[in-house]
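Residue numbers (the numbering used here), protein chains in the order written: chain A, 530 to 722; chain B, 41 to 829.
Cβ coordinates follow ideal geometry from the N, Cα and C atoms, glycine included.
For reference, the structure discussed in these notes is given below.
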Amino acid sequence: MPATQRTRRRSAANPADRPIRLTVNGTRYELVPGLNLPTSMTLAAFLRERLGYTGLKVSCDEGACGACTVLLDGTAVLSCMMLAVEADGHEVLTIEGLPPDDPVIQAFAEQSEPGYGTALQCGYCTPGFVMTARALLNENPSPSLPEIKEALSGNICRCGCYAGIAQAVLNASRKMAARASVRGDAAARGGAR
Amino acid sequence: MSAAKKGFTPRVARKHVGGYRPRIDGMEKASGRALYADDIASPIRFPNLLYAKVLRSPHAHARIRRLDAARARALPGVAAVLAFDDQEVARLPPTNAGWTDGVDTVSYEHMMWRQYRDRRVLGDTACWVGDEIGAVVAAESEAVAEEALRALDVEWEILPFVLDLFEAMKPGAPAVHPGIAPDNVLPPATAGRPDRFFDKGDIDRGLAEAEVKVEGTSIHHNATQASLDPWCCVAAWSDDRLTIWSNSYEAEQSRMHVSQMLELPIHKVRIVSSYVGGQFGRCDTGDQPFFLFTALLARRTGRPVKFKHTRRESFHDSRQPAIYHGVAAAMRDGTITSLSFDCVGNAGAYADHTMFPLKLIPAEVSEVVFAHVPNVRFQVRAVYTNKLPGCMMRGVGNSQLNLILGHLVDLLAEKLGMDPLELAVKNFGHQWEELPDRSLEAVLEAGASRIGWRAKRHAPGAGPVFGEDGRRGVGFSFHPGWHAEWQEMRRGEVQAAITLNPDGTVTLNAPTVETGTGSNTCNVLGCAEALAFLDLRPADIHWVQVVDSDSGMKDCVQTDSAVSYLQSEVMAAAAKELKARILERGAKVIGCPAGELDVAGGRIFRTAAPDGGLAVRDLLMRPDILPITVTMSRRPEDKRTGVPYIATFAEVEVDTGTGRVQVLHLAVVNDCGTVMYASGAEAQQIGGQCMGMGEALTEEIIYDKATGVPLNFNWIDYTIPTMADMPDIDPVLLEVWRGAGEYGACGISEGTVTCTPRAILNAIYNAIGVRLDEIPVKPEKVLRALGKA
Chain A
530 MPATQRTRRR SAANPADRPI RLTVNGTRYE LVPGLNLPTS MTLAAFLRER
580 LGYTGLKVSC DEGACGACTV LLDGTAVLSC MMLAVEADGH EVLTIEGLPP
630 DDPVIQAFAE QSEPGYGTAL QCGYCTPGFV MTARALLNEN PSPSLPEIKE
680 ALSGNICRCG CYAGIAQAVL NASRKMAARA SVRGDAAARG GAR
Chain B
41 MSAAKKGFTP RVARKHVGGY RPRIDGMEKA SGRALYADDI ASPIRFPNLL
91 YAKVLRSPHA HARIRRLDAA RARALPGVAA VLAFDDQEVA RLPPTNAGWT
141 DGVDTVSYEH MMWRQYRDRR VLGDTACWVG DEIGAVVAAE SEAVAEEALR
191 ALDVEWEILP FVLDLFEAMK PGAPAVHPGI APDNVLPPAT AGRPDRFFDK
241 GDIDRGLAEA EVKVEGTSIH HNATQASLDP WCCVAAWSDD RLTIWSNSYE
291 AEQSRMHVSQ MLELPIHKVR IVSSYVGGQF GRCDTGDQPF FLFTALLARR
341 TGRPVKFKHT RRESFHDSRQ PAIYHGVAAA MRDGTITSLS FDCVGNAGAY
391 ADHTMFPLKL IPAEVSEVVF AHVPNVRFQV RAVYTNKLPG CMMRGVGNSQ
441 LNLILGHLVD LLAEKLGMDP LELAVKNFGH QWEELPDRSL EAVLEAGASR
491 IGWRAKRHAP GAGPVFGEDG RRGVGFSFHP GWHAEWQEMR RGEVQAAITL
541 NPDGTVTLNA PTVETGTGSN TCNVLGCAEA LAFLDLRPAD IHWVQVVDSD
591 SGMKDCVQTD SAVSYLQSEV MAAAAKELKA RILERGAKVI GCPAGELDVA
641 GGRIFRTAAP DGGLAVRDLL MRPDILPITV TMSRRPEDKR TGVPYIATFA
691 EVEVDTGTGR VQVLHLAVVN DCGTVMYASG AEAQQIGGQC MGMGEALTEE
741 IIYDKATGVP LNFNWIDYTI PTMADMPDID PVLLEVWRGA GEYGACGISE
791 GTVTCTPRAI LNAIYNAIGV RLDEIPVKPE KVLRALGKA
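Written out as structure tokens, the structure is:
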């Protein structure tokens, strides 16, 4: 008998044992709350301490700083403010799930344009900012500076690299447009052939 | 945001040092791969991990009469409870969180503030709400550890408390540390100088001679460092050897502290620090009680134990508050004849580094910046109360002093009818140079030009009205830079090791805990510059990131913003030695005296035949293949170079209807001597404004006066500026002054926060014509000043 059916049968007898299923960075997990997943465990703790995705940080643990931001079905969420069980049926993306050439990561790493400083110093807030920026660009690929400030104002950078971060997001947006245009050209060439 | 910004132009063109480029750790940090203490202290790496939680006092002042841990010990999942009356705790000597300011490593006997050993590790007496005392537990999870704390049966003897420092000085006030300060006023300390610690000339004569006199008050508060990375450590024993992985930024000092407090030989203690998520001066020393009790729990349980502060618990220390009263007197032509400062500071529950900002810094700054003022006097008192202890914070002491200095300059200029820029240049410099000081002139001119000083400055409160109630104004403040090389003498030798690998790449061990300052990038640029003869790219250099006390090298602690250039100065010296070693090896292979050889462009050749020779890597790849390692120590030079200047200019708009102050524009000017890494320096200039503006306008710790309970130990109610709050910031880098050594650089980052609050306050005065003495300037204070509330 497949494992899932076995689990289902037991959960019917005890609804508390109903397994939850979530996807993290493309890998599917099935867990039974109360059995192998404490019901009170936050999504942040689950991702960091169970799966080893330590990119996200737990700095305030109360939704005030944004350092624990991950994407849930493409939208930015504070993983310290969600229970792991609430991710049931959803797709979670942590910073480790972004490709190494992600334009947002690259733009944050590279920022050194004169007049704006770097986009990171101590780096503790950076994964949260990267994921929040990633969510913004998913929704709005070419945001204006005020839109960037609005979208990223839930994240705290105590090193104060806000000017560099804003530049990085603008540059990430440009990189995305350039790549889309290259892809578009390639598609157009492919079409012509 | 303004149109395309321009970078600075270096005084001396160099290939690597001073450039605009990404940080060397940019990709590691931007991709989330950088590891911090909390990431290392993971149950995945330490499967047997226990979690520690420490009892915190709910009372502002109380003593534990009796503590019964039986119920806590009996809870499933509790591995150990350690209490104040356990022998291994009780034997720990009284201590202080101010062993060292970080520059040097010190022993218990020689700790900086040894007259204020007012702290017990897990003592029985609480001196503020939140004090870590009494007992600590180790359990299978943080939740169980917290439950165990709640299960402790504690009988408290509640003592009277005092929060206000003036109340604390009255006869009969509750004494916080009666053995040290029966009247709560800290006695003079060895390193602290007497209360009147700076007294030059004759103040009274200076006042009598003067034609104009002004006086003013400025009040600085308990802003907190608010590093995002909460204090964290994991302690584990292997037989009788202890390893602590932590986000302490002082590995060598932490080893000394743990060794001495726990009476372990130094070689039985190992401290490892990886990346740290911001430091900013928090509890500035290796002396942290939680290292000790975490280590004791790990020994008792035989398992690794983790301790991490929650965000609330991270409100652990703060900037030292200071109330300054100042008097300045001058002749009608603007020549200042006398300056006097009377300061009183609320030390909070423990002395820690209180006297560092209140005495050492003003004394050091005064010798320099007031060198041309004939009569100067400082006196200070620091007072114990039952509040959060004041300690170190970025811009230590300077921020508090600048708040009064910039105030007096603005007041005096107004009374004299002078431009305050002109008044500053006329009087301030340093003792090794005639006035006017070129550095001060240059930073003021640059700032004035960026902010539009001459066009925008108007009579106080007399500017144009924007919208219904908006009044705009501009203000500035200036301060000496921090720190030049001669001010780093106490640090002793700075160490670095350069290893030239056989393939021509380099491994650079310039130990310092990377807290975000960017000194790692400065180091790599400095190393590439020093090894120009090998024609290296920065990418050919690997910077050893993790600081491990087993390396046998002392880490250069990230304080005084000086690591950015001190280690590069060592490398400049080490490179000469490395070149000599290459020539020696070349002499054997090529078969001629080393004196006839040279190395350039990555090749070794006879000076007589520069077109011949061979690549250095071909030389090194010959058997027996051995890397060349040069370890160099260098003491900072004592060459008296004075200091450069820094300044911040602000433009604000004050809404006279709501009292809201909006900062429109900041220009931050640093004379750096030499810019080591331009993008990093600008990041510090811009970044410092988050803290400077926060301290000036929004950040404040609020207490319930009836109970002494701090009410806003969280980031919703303790308001740190976010991206939406920050104005356009112009970072301006200058190279006018020159310090000692190969580069002649100066630290800049600490200073970037220093002038901001006063620049904003002076701009507010220019806008509304009413002065505010106390930061943070929240709307209600503006309305009160305007007579509207």
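### Query
Of all the CB atoms in chain A, is at least one closer than 7 Å to the CB of E722 (chain B)?
Residue numbering aside, residue 722 (chain B) sits at position 682 when the second sequence is read from its first letter. Interface residue, yes.
### Query
Between the Cα of I306 (chain B) and the Cα atoms of B:V176, B:T145 and B:A208, which residue gives the shortest distance?
Reading the second sequence from its first residue, position 266 is the one you call residue 306 (chain B). It is B:T145 whose Cα lies nearest to the Cα of I306 (chain B).
### G47 (chain B), DSSP secondary structure in three states
By one-based count along the second sequence, residue 47 (chain B) stands at place 7. Reduced to three states, the DSSP call for G47 (chain B) is coil.
### Task
Starting from Q419 (chain B), follow the beta strand (DSSP E) in both directions and report where the run begins and ends.
Working through the second sequence from its first residue, we reach residue 419 (chain B) at position 379. First-last of the beta strand (DSSP E) with Q419 (chain B): N415 to Y424.
### DSSP state of R73 (chain B) mapped onto helix, strand, coil
Walking along the second sequence from the start, residue 73 (chain B) turns up at place 33. Coil.
### Task
Quick one: grab the DSSP three-state call for L202 (chain B).
For the purposes of this step, residue 202 (chain B) is identified with residue 162 of the second sequence, where counting begins at 1. The residue you asked about is not Leu; residue 202 (chain B) is Val in the sequence shown. DSSP places V202 (chain B) in coil when its eight states are reduced to three.
### Message
So that I know if they touch, is there some Cβ in chain B lying closer than 7 Å to that of L681 (chain A)?
### Response
As a position in the first sequence, residue 681 (chain A) is number 152, starting the count at 1. Interface residue, yes.
### Of the listed residues B:K45, B:E68, B:A74 and B:K69, nearest to Y60 (chain B) (C-alpha basis)
As a first step, residue 60 (chain B) is located in the second sequence; it is residue number 20 there, counting from the start. Its Cα nearest to that of Y60 (chain B), the residue B:K45 stands out among B:K45, B:E68, B:A74 and B:K69.
### Query
Apart from the five residues just before and just after S42 (chain B), which ones in its own chain have a Cβ nearer than 8 Å to its Cβ?
Within the second sequence, numbered from 1, the residue matching residue 42 (chain B) stands at position 2. With a pLDDT of only 44 at S42 (chain B), under the threshold of 50, the placement of this residue in the model should not be trusted, and no figure is reported.
### Query
Hey, how far is the Cα of A627 (chain B) from the Cα of A137 (chain B)?
Locating residue 627 (chain B) in the second sequence gives position 587, where the first residue counts as 1. Locating residue 137 (chain B) in the second sequence gives position 97, where the first residue counts as 1. Roughly 54 Å separates the two Cα atoms.
### Query
Cα separation between C431 (chain B) and T140 (chain B)?
One-based indexing of the second sequence puts residue 431 (chain B) at position 391. One-based indexing of the second sequence puts residue 140 (chain B) at position 100. One C-alpha to the other measures close to 12 Å.
### Task
With DSSP collapsed to three states, give me the class of Q293 (chain B).
Taking the first residue of the second sequence as 1, we reach residue 293 (chain B) at position 253. Secondary structure at Q293 (chain B): helix, using DSSP grouped into helix, strand and coil.
### Task
Tell me whether P402 (chain B) sits in a helix, a strand or coil according to DSSP, three-state version.
Locating residue 402 (chain B) in the second sequence gives position 362, where the first residue counts as 1. In the structure shown, P402 (chain B) sits in a helix (DSSP, three-state: H, G or I).
### Query
Under the DSSP definition of a beta bridge, which residues are partnered with R643 (chain B)?
On the second sequence, residue 643 (chain B) is found 603 positions in, with the first residue counted as 1. DSSP, once it has assigned bridges, lists B:A640 and B:A655 as partnering R643 (chain B).
### Endpoints, the beta strand (DSSP E) within which T547 (chain B) is located
By 1-based counting over the second sequence, the position of residue 547 (chain B) is 507. Following the DSSP letters along the chain, one finds T547 (chain B) inside the beta strand (DSSP E) bounded by residues V546 to N549.
#### Entry: Cα-Cα separation between I804 (chain B) and S719 (chain B), rounded to whole angstroms
For the purposes of this step, residue 804 (chain B) is taken as the residue at position 764 of the second sequence. For the purposes of this step, residue 719 (chain B) is taken as the residue at position 679 of the second sequence. Distance between the alpha carbons of I804 (chain B) and S719 (chain B) is about 31 Å.
#### Entry: Backbone secondary structure at F518 (chain B) - three-state DSSP
Against the second sequence, residue 518 (chain B) aligns to sequence position 478. Correct three-state label for F518 (chain B): strand.
### Boundaries of the alpha helix (DSSP H) in which S673 (chain A) is found, first to last residue
What you label residue 673 (chain A) is simply residue 144 of the first sequence in a count that begins at 1. Run containing S673 (chain A): none; DSSP gives neither H nor E here.
### Query
Buried or exposed: where does C383 (chain B) fall if 16 or more other Cβ atoms within 10 Å of its Cβ makes it buried?
Here residue 383 (chain B) is taken as the residue at index 343 of the second sequence, counted from 1. Looking at its Cβ environment, which holds 16 or more other Cβ atoms inside 10 Å, C383 (chain B) is buried.
### Message
Please report the distance separating the alpha-carbon of L674 (chain A) from that of T165 (chain B).
### Response
Numbered from 1 along the first sequence, position 145 holds the residue referred to as residue 674 (chain A). Numbered from 1 along the second sequence, position 125 holds the residue referred to as residue 165 (chain B). When rounded, the distance between both Cα atoms is 52 Å.
#### Entry: Distance between L737 (chain B) and T696 (chain B) (C-alpha atoms, nearest Å)
Indexing the second sequence from 1 puts residue 696 (chain B) at position 656. Indexing the second sequence from 1 puts residue 737 (chain B) at position 697. Roughly 15 Å between the two C-alpha positions.
#### Entry: Closest residue to G644 (chain A) among B:I741, B:V420, B:G809 and B:A707 (Cα-Cα distance)
Position 115 of the first sequence, counted from the start, is the residue given in the question as residue 644 (chain A). Per the Cα distances, B:A707.
### Query
For Y673 (chain B), which three-state DSSP category applies?
Translated into the one-based positions of the second sequence, residue 673 (chain B) becomes position 633. The question names Tyr, but residue 673 (chain B) in the sequence shown is Ser. For S673 (chain B), the three-state secondary structure derived from DSSP is strand.
### Task
Can you tell me which of the three DSSP states D382 (chain B) falls into?
In the second sequence, the residue the question calls residue 382 (chain B) occupies position 342. Reduced to three states, the DSSP call for D382 (chain B) is strand.
### Query
Considering H582 (chain B), what are the terminal residues of the beta strand (DSSP E) in which it resides?
Here residue 582 (chain B) refers to the residue found at position 542 of the second sequence. Looking at the DSSP string, the run of the beta strand (DSSP E) that includes H582 (chain B) is I581 to W583.
### Task
Determine, using beta-carbon pairs with one atom in the segment 520-535 of chain B and one in the segment 680-696 of chain B, whether at least three such pairs fall under 8 Å.
Output reads yes: the segment 680-696 of chain B touches the segment 520-535 of chain B.
### Task
At 9 Å on the CB atoms, spell out the chain A contacts of K46 (chain B), in chain order.
The residue given as residue 46 (chain B) occupies position 6 in the second sequence. Here the neighbours are P643 and G644.
### Message
If the cut-off is 9 Å on Cβ atoms, which residues from the segment 260-282 of chain B count as contacting chain A, listed in chain order?
### Response
Of all residues in the segment 260-282 of chain B, Q265, A266, S267, L268, D269 and P270 have a Cβ within less than 9 Å of some Cβ in chain A.
### Query
From the DSSP output, which residues share a beta bridge with W196 (chain B)?
Translated into positions along the second sequence, residue 196 (chain B) becomes position 156. DSSP output for W196 (chain B) lists B:I104 as bridge partner(s).
### Query
Roughly how many whole angstroms lie between the Cα atoms of R417 (chain B) and R157 (chain B)?
Taking the second sequence and counting its residues from 1, the one referred to as residue 417 (chain B) is at position 377. Taking the second sequence and counting its residues from 1, the one referred to as residue 157 (chain B) is at position 117. Cα to Cα, the separation comes out at about 29 Å.
### Task
Out of A:R708, A:Y653, A:A616 and A:I634, point me to the one whose CA is closest to A662 (chain A)'s CA.
The sequence position of residue 662 (chain A) within the first sequence is 133, counting from 1. Its Cα nearest to that of A662 (chain A), the residue A:I634 stands out among A:R708, A:Y653, A:A616 and A:I634.
#### Entry: Segment contact, 8 Å Cβ cut-off, at least three pairs: the segment 449-457 of chain B with the segment 402-418 of chain B
No, they do not touch.
### Task
Would you grab the beta carbon distance between V309 (chain B) and V298 (chain B) for me? Rounded to a whole angstrom, and I think it's under 8 Å.
Translated into positions along the second sequence, residue 309 (chain B) becomes position 269. Translated into positions along the second sequence, residue 298 (chain B) becomes position 258. Correct: roughly 5 Å between the Cβ atoms.
### Message
I need the boundaries of the alpha helix (DSSP H) containing I800 (chain B), first residue and last residue.
### Response
Working through the second sequence from its first residue, we reach residue 800 (chain B) at position 760. Run containing I800 (chain B): T796 to I808, per the alpha helix (DSSP H) assignment.
### Message
Is it buried or exposed, T49 (chain B), if we count other Cβ atoms within 10 angstroms and call 16 or more buried?
### Response
In the second sequence, residue 49 (chain B) corresponds to position 9, counting from 1. The residue in question, T49 (chain B), is exposed, as its Cβ has fewer than 16 Cβ neighbours within 10 Å.
### Query
Are there 16 or more other CB atoms within 10 angstroms of the CB of L107 (chain B), so buried, or fewer, so exposed?
Here residue 107 (chain B) corresponds to residue number 67 of the second sequence, with the count starting at 1. Under the 10 Å beta carbon count, L107 (chain B) is surrounded by 16 or more other beta carbons and is classified as buried.
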